[in-house]
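Numbering (our numbering), first residue to last: 2 to 132.
The beta-carbon is built from N, C-alpha and C at its ideal position, and this holds for glycine as well.
See below for the structure under consideration.
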């Protein structure tokens with residue numbers, strides 16, 4: 002009945018900067034973009050679908066509508082998405098060269114390493130390296 006997670010939605014007021022981060026830094030590709038009028042509010046909704054390894058992130062931006070900042074780290078509800086990396090040390094060095102520093106970690110355990118970064122909106126992204 003249920004097959005897979007189809008996509009994850011992220012609302013942003015920094016659409017182009019967020020697209021650049023996910024594509025130029027994390028290696029996602031832009032699959033499609035839409036612009037949809039919202040007749041009830043008169044607002045335009047801009048959408049960008051980004052893909053990586055079979056996972057889609059749908060970025061949504063409501064033109065002219067203020068967006069609340071990302072939640073603090075510990076809160077009820079969804080917390081973050083996680084990306085698997087081949088090598089934690091190499092991934093963090095690559096990100097550092099792109100101007101992205103770890104917001105937490107890295108922590109190395111017997112069977113995995115874990116760190117967190119933030120996107121331009123302050124959303125946490127876990128990096129996980131399984132040994």
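Candidates the options: closest to residue i by CA position
i, options, result
"residue 4", "16, 55, 22", "55"
"residue 70", "95, 14, 129, 108", "14"
"residue 30", "53, 9, 79, 16", "53"
"residue 132", "118, 38, 108", "108"
"residue 105", "28, 57, 124", "124"
"residue 114", "130, 101, 99, 122", "130"
Sequence-distant residues of the same chain with beta carbon closer than 7 Å to residue i, five excluded per side
i, result
"residue 35", "48"
Same chain, Cβ closer than 8 Å to residue i, five either side skipped, listed in chain order
i, result
"residue 120", "11, 19, 22, 23, 126"
Cβ separation of residue i and residue j, assumed to be a contact under 8 Å, to the nearest whole Å
i, j, result
"residue 44", "residue 68", "Actually they are not in contact, since the Cβ atoms of residue 44 and residue 68 sit about 12 Å apart, beyond 8 Å."
"residue 1", "residue 93", "Past the boundaries of the shown model lies residue 1; the chain is included only from 2 to 132, so the question cannot be answered."
"residue 16", "residue 62", "4 Å"
**Q.** Ranges of the beta strand (DSSP E) found wholly within the stretch 80-125, counting only runs of at least 3
**A.** 82-85, 105-109, 113-119
**Q.** Completely contained beta strand (DSSP E) runs for the stretch 37-71, where each covers 3 or more residues
**A.** 44-53, 56-63
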